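A short worksheet on the structure shown next.
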Amino acid sequence: MAGRESRSSVCVKMCPQQRARHEAYSEPSKEAQSWMAAARQRVCAHLNNQKSRQVCKLTAAAERQNQLTAQLKAAEARNRVRQLRQHYQNLKAGDYLKIIVHFIMCKHLKVPSVIPYLCFPGQYRYDGCNIVR
1 MAGRESRSSV CVKMCPQQRA RHEAYSEPSK EAQSWMAAAR QRVCAHLNNQ KSRQVCKLTA
61 AAERQNQLTA QLKAAEARNR VRQLRQHYQN LKAGDYLKII VHFIMCKHLK VPSVIPYLCF
121 PGQYRYDGCN IVR
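Note that this note's numbering numbers the sequence shown so that position 66 is 66, with each residue one more than the last.
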């Protein structure tokens with residue numbers, strides 16, 4: 001305390017500008033230090049809160065982007081499967097036409113042997129006597 005009193009007595013004798021310079025570089029009081037520590041804690045807590053909110057926003061945006069990407073990939077896969085199925089059906093229909101042309105060329109025009117090939121796959125089936133849809 002004696003050192004502090006001597007400093008304050010020295011400060012009293014100084015002009016205001018010199019006193020301000022001197023006090024700017026001296027240790028603050030314990031009360032001021034506790035206020036500064038509390039303020040520092042509030043600022044750190046506020047910054048941490050902002051960072052966590054920002055991370056949550058980024059996470060939500062990234063999750064939405066991943067969901068959209070997954071939906072797009074699923075749609076592309078469905079489209080590929082549909083195209084492959086259509087291609088297969090077209091090839092099969094072409095094969096049926098080749099077989100029908102072969103039957104016509106060979107004059108094997110028995111109706112029960114040709115009817116199953118006249119029915120395109122998936123649309124009709126022949127049960128031996130009738131064409132069933």
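Even for Gly, the Cβ is constructed at its ideal location relative to N, Cα and C. Computed from a predicted model, the values in this text were never measured in an experiment.
| Query | Result |
| --- | --- |
| Tell me the rounded alpha-carbon separation between E63 and Q17. | 59 angstroms |
| Please list the terminal residues of the continuous alpha helix (DSSP H) segment that includes E23. | P16 to A24 |
| Are the Cβ atoms of R21 and C11 separated by less than 7 angstroms? | no |
| What's the C-alpha gap between L68 and Q33? | 52 angstroms |
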